[in-house]
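Engineer: Below is one structure. I have some questions about it.
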Amino acid sequence: FDESGYARIIAEKYQTNHTVFELGASDMLSMIPEILLAQDSPSGDGPNTYIVSQLTKEAGIKVVLSGLGGDELFVGYENFHRWKKLNDNPLLHAWAKIPQGLRKWGISGLQNLTTNAKFWRILELLKVESYRIDEVYPLLRQVFTQPEYSKLLQKSNFPNRAKKMLGSQLPSLLDIPVYSQYSRAEILGYTGNVLLKDTDQMSMAHGLEVREPFFDLDLASWVLRQPDTAKEGFGPKPMLTRALGDRLPSEIVHRPKMGFSFPWRQWLFGPLKPMAMEFLQALQRRPEWNAKGLQTIMDRLHSNDPKLPWTRVWYLVALSAWMENNLD
């Protein structure tokens, strides 16, 4: 989770004023209440931007540039490649011609036999009506599976808003290259509803303005028109790294990809566990929630279950905090 070495390479190349701030679990624990209070809508992705924005403003800077949009436009996520493989697979398209009701009947039986979320998601992909972006994107992006929702909530049969939103845009989506279809889905979905929103509210909590030049309208429109072959190559964002040439050192181009994330698992299963338990218990007291299903999550957290994804815990914590701050 430490990228300071790579940051130092860039700072030395361009002789910038470089500041390193080391963040530990105790720092995070003291800041979490104010971070969660700054959220005007629940999100699990905001704390990193909140902390960086605070440090930046304290340094006397009022306007900053963000790299947001680089991954979303230039094929920076593994889900881009998963989507293209699904879209390009002739066997899957042939499978989709089997009546959907028959496929659902057979696969639902298998889903009832598994508790593995990854395997359940794969089986769910075999049930979709067709391998279009409006069917596939929501499944690749969801955090909880439908069985998990059913165990956590008293009512869990909610409409799939992402699918409905993409369906309304389908003619224009199918008119652009395959990678660009996923980029558009990201911009309309996760990026617009989470990343851009979080960046705005978490930076403005400190009075800091953030600009995202990759989302310049002319640039984004041009990139979305480029063929898939232009975005293929070595590593994440190959089109962008080729365009930069030797402006990026090879150590940066050929490094393993890292997300902008904190070591949440180590923290939530360690120093932040008591706090997480309190927020999960707060959800248990709400009538919309299934206390037994939440207790299962808490028991797995208490026993440090290695198969419990930290995202399940943190997103519930963030939602619980938002409900405490805004509904009560």
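Oh and the sequence shown: position 92 is 158 in our numbering, straight run, nothing missing.
Built from N, CA and C at the ideal position, the CB exists for glycine as well.
1. Hey, H272 and Q120 are a contact pair by Cβ (cut 8 Å); roughly how many whole angstroms apart?
2. When burial is assigned at 16 or more other CB atoms within 10 Å of the CB, is W330 buried or exposed?
3. Give me the Cα-Cα distance between F146 and D93, rounded to the nearest whole angstrom.
4. If I measure Cβ to Cβ from R308 and keep anything under 8 Å in the same chain, skipping five residues before and after, which residues do I get?
5. Could you tell me the boundaries of the alpha helix (DSSP H) in which E275 lies?
6. Residues bridged to L131 by DSSP?
7. Of the residues P302, V194, A387, K163, which one's Cα is nearest the Cα of S174?
8. Taking DSSP's pairing of strands, which residues face W288 in a bridge?
9. When DSSP labels each residue in this structure, what does L192 get in the three-state scheme?
10. At a cut of 8 Å, does the segment 94-102 reach the segment 73-81 through at least three beta carbon pairs?
11. Can you list, in chain order, the residues of its chain whose CB lies under 6 Å from that of K297, leaving out five sequence neighbours each side?
12. Quick one: is the Cβ of W380 within less than 6 Å of any heavy atom of the ligand ADP?
13. Under a three-way DSSP split, which group does L262 fall into?
14. Would you grab the beta carbon distance between E201 and K229 for me? Rounded to a whole angstrom, and I think it's under 8 Å.
15. Who does L219 pair with in a DSSP beta bridge?
16. Given this structure, state the Cα-to-Cα distance separating P197 from A162, to the nearest angstrom.
17. Going along the chain, which unbroken runs of the alpha helix (DSSP H) with 4 or more residues stay wholly within the segment 305-383?
18. Using C-beta distances below 7 Å, list every residue in its chain close to S234, excluding the 5 sequence neighbours before and after it, in chain order.
19. Quick check: S386 and F345, are their CB atoms within less than 7 Å of each other?
20. Measuring straight from C-alpha to C-alpha, what distance separates F210 and L89?
21. According to the Cβ coordinates, are V260 and L139 closer than 7 Å?
22. Between the alpha carbons of W355 and N114, how many angstroms are there, rounded?
23. By the 10 Å Cβ neighbour count, where 16 or more other Cβ atoms means buried, how is E124 classified, buried or exposed?
24. Quick one: using the 10 Å Cβ neighbour count with 16 as the cut-off for buried, is A384 buried or exposed?
25. Leaving aside the five residues before and after N153 along the sequence, list all residues of the same chain whose C-beta is less than 7 Å from its C-beta, in chain order.
26. Considering just the uninterrupted stretch of the alpha helix (DSSP H) at G142, what are its terminal residues?
27. What span of residues does the alpha helix (DSSP H) with D93 cover, start to end?
28. Measure the CB-CB distance between Y256 and R187 and report whether it falls below 7 Å.
29. Which parts of the segment 205-255 are runs of the alpha helix (DSSP H), unbroken and 4 residues or longer, counting only runs that do not cross its ends?
30. According to the Cβ coordinates, are K303 and G136 closer than 7 Å?
31. Do R277 and L131 have their C-beta atoms closer together than 7 Å?
Structural biologist: Concretely, from the data shown:
1. 5 Å
2. buried
3. 35 Å
4. G299
5. That residue, E275, is in no alpha helix (DSSP H); its beta strand (DSSP E) goes 275-277.
6. R277
7. V194
8. DSSP output for W288 lists no bridge partner at all.
9. coil
10. no
11. V141, Y245, M305
12. As presented, the structure is devoid of all ligands, the ligand ADP included, so that no description of it is given.
13. helix
14. 7 Å
15. W355
16. In the sequence under discussion, the amino acid at residue 197 is Tyr, which differs from the Pro named in the question. C-alpha separation (whole angstroms): 8 Å.
17. 316-319, 330-334, 339-350, 357-368
18. none
19. yes
20. 29 Å
21. no
22. 28 Å
23. exposed
24. buried
25. Y197, V244
26. No alpha helix (DSSP H) holds G142; DSSP gives it neither H nor E.
27. 91-103
28. no
29. 212-218, 227-234, 236-239, 244-252
30. yes
31. yes
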